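Numbering (our numbering), first residue to last: 1 to 325. By construction, the Cβ of each residue, glycine as well, lies at the ideal position given by its N, Cα and C atoms. Everything numeric in this text was worked out from a predicted model, so none of it was measured. Accompanying notes for the structure given below.
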Amino acid sequence: MNSLLDAQGLVKHYQIGGGGLFGLGERPLLKAVDGVSLSIDAGETLGLVGESGCGKSTLGRLLIRLLPPTAGRVIFEGQDLTSLHGASLKQARRAMGVVFQDPFGALDPRMTVEAIVREPLLIHGERADRGRTAAMLEQVGLPASAAARYPHEFSGGQRQRIGIARALILQPRFLVCDEPVSALDVSVQAGIVNLLQDLQARLGVAMLFIAHDLGVVRHISDRVAVMYLGRVVEQADKRTLYARPMHPYTQALIAAVPALTPVGRAERRAKRIRVGGDIPSAMAIPSGCRFHTRCPVAMPVCRETDPPLVEHAPGQSVACYLYGG
Ligand SMILES: Nc1ncnc2c1ncn2[C@@H]1O[C@H](COP(=O)(O)OP(=O)(O)OP(=O)(O)O)[C@@H](O)[C@H]1O
Ligand SMILES: [Mg+2]
């Protein structure tokens, strides 16, 4: 087990509502993440793709222990994160960073850029001199003069650069990027993806890169995991996944990848996966294979038994009875 990070049987369920009279009724269970195992090597980028609500952000937060799991474990550098608390958890977290989707909400508007970027150093009791933040700002392509200014003075793309600088200032070994370009103008998206790829190569940080569609992660990922209703249904190295997708859901996602033209975001959204209807609710996950209600090639067995994620070809795992099992 040489991976940087190993997630084993991760589950995150939410109990919704107050239940019936006196709270005695059965409270519905929302299964945001429903049994995910995956591993990420040092310096590697894993793309994580799936429709809205399938549990990508929840999984990302579980991996860096921003959320405690309902069940399962996360082993990071040989240490079980789920068993850590207080000072030892804080110590482990130092090695992990996160970049959020919304560059407008993620930065404190009352703090200068320098204060924002420096804050993690202070939290962890590290040397926080000007030179260190200035060097970090330079690495993300911001001028030194940005340090004294406030987030609202910057464009969305530049704010995302500030968020990236903050996420990397502690030199993490694992970075979760949760749809870091989805809220940005299409015209600046490529610049941010290229920057992340560049920094990733330069700093050797491993990354989980979350996105809605397979188009965005193609460029940056070494491997890609496809998520559906709380589960990973297929995982493979990039070349294999795009050349020979096995799961019918992955095949549908690949067919939905928008052309490389600057179409508006609304248009891209409208083009997303069309595989017979909408994604079922995470509160009513179908029996058997959770994809069977939308699967164009579902068989009787798919309604009854949940297919496990099995390695069917070197480096390619798929949870689908089309390939036996
Ligand atoms: N704190 C919470 N309490 C209850 N339900 C939650 C909570 N957080 C997330 N959920 C639910 O869990 C499911 C997965 O949410 P999550 O945000 O992880 O999905 P996602 O794949 O990141 O979606 P998106 O692409 O829209 O960001 C959704 O049904 C969501 O409504
Ligand atoms: Mg999300």
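Output the distance between the C-alpha atoms of residue i and residue j, rounded to the nearest integer angstrom.
| i | j | result |
| --- | --- | --- |
| Pro120 | Asp108 | 13 Å |
| Arg94 | Arg61 | 15 Å |
| His219 | Asp198 | 12 Å |
| Asp129 | Asp278 | 51 Å |
| Tyr14 | Gly72 | 15 Å |
| Ser57 | Cys177 | 9 Å |
| Ala284 | Ile254 | 26 Å |
| Val205 | Leu168 | 9 Å |
| Val193 | Met227 | 21 Å |
| Ala252 | Val33 | 22 Å |
| Gly50 | Ala256 | 12 Å |
| Gly78 | Glu153 | 42 Å |
| Glu126 | Glu311 | 44 Å |
| Thr250 | Met111 | 43 Å |
| Ala313 | Glu26 | 43 Å |
| Leu203 | Leu309 | 32 Å |
| Tyr150 | Glu138 | 17 Å |
| Leu196 | Ala190 | 10 Å |
| Thr133 | Arg166 | 9 Å |
| Leu241 | His124 | 40 Å |
| Asn2 | Arg239 | 23 Å |
| Leu66 | Leu59 | 10 Å |
| Leu175 | Val186 | 23 Å |
| Ser37 | His292 | 21 Å |
| Asp326 | Ser88 | Outside the shown range of the chain, which is 1 to 325, sits residue 326, and nothing can be said about it. |
| Ala298 | Leu122 | 54 Å |
| Ala42 | Pro286 | 36 Å |
Do the CB positions of residue i and residue j come within less than 7 Å of each other?
| i | j | result |
| --- | --- | --- |
| Leu46 | Arg223 | yes |
| Val232 | Ala243 | no |
| Val140 | Ile164 | yes |
| Leu142 | Arg161 | yes |
| Thr82 | Lys12 | no |
| Gly55 | Gly230 | yes |
| Pro300 | Ala319 | no |
| Lys31 | Ala282 | yes |
| Val99 | Ala7 | no |
| Met136 | Val117 | yes |
| Glu114 | Ala92 | no |
| Cys295 | Pro245 | no |
| Gly325 | Glu304 | no |
| Cys302 | Tyr323 | no |
| Gly315 | Asp237 | yes |
Label residue i either buried or exposed according to how many other C-beta atoms from any shown protein chain fall within 10 Å of its C-beta, with 16 as the threshold for buried.
| i | result |
| --- | --- |
| Leu4 | buried |
| Gln327 | Since the first and last residues shown for the chain are 1 and 325, residue 327 lies out of range. |
| Ile40 | buried |
| Glu44 | buried |
| His85 | exposed |
| Val217 | buried |
| Phe104 | exposed |
| Pro172 | buried |
| Ala201 | exposed |
| Arg290 | buried |
| Ile64 | buried |
| Ala106 | buried |
| Ser221 | buried |
| Asp213 | buried |
Looking at ligand 1, does it come within less than 6 Å of residue i, judged from the CB to the closest heavy atom?
| i | result |
| --- | --- |
| Leu66 | no |
| Ala328 | It is not possible to answer for residue 328, since the shown part of the chain is limited to 1 through 325. |
| Ala201 | no |
| Ser187 | no |
| Ser145 | no |
| Tyr14 | yes |
| Ser182 | no |
| Gly86 | no |
| Ala252 | no |
| Ala32 | yes |
| Ser52 | yes |
| Ala282 | yes |
So is the beta-carbon of residue i under 6 Å away from any non-hydrogen atom of ligand 2?
| i | result |
| --- | --- |
| Lys56 | yes |
Mind reading off the beta-carbon distance from residue i to residue j? Whole number of angstroms is fine, and I expect it under 8 Å.
| i | j | result |
| --- | --- | --- |
| Ser155 | Glu234 | With 8 Å as the limit, Ser155 and Glu234 do not qualify as a contact, their Cβ atoms being about 36 Å apart. |
| Gly17 | Pro28 | 6 Å |
| Glu179 | Ala144 | The Cβ separation is near 29 Å, so there is no contact. |
| Leu48 | Leu208 | 6 Å |
Is residue i close to chain C, meaning its C-beta is less than 7 Å from at least one C-beta of that chain?
| i | result |
| --- | --- |
| Cys320 | Absent from the structure: chain C. Only one protein chain is present. |
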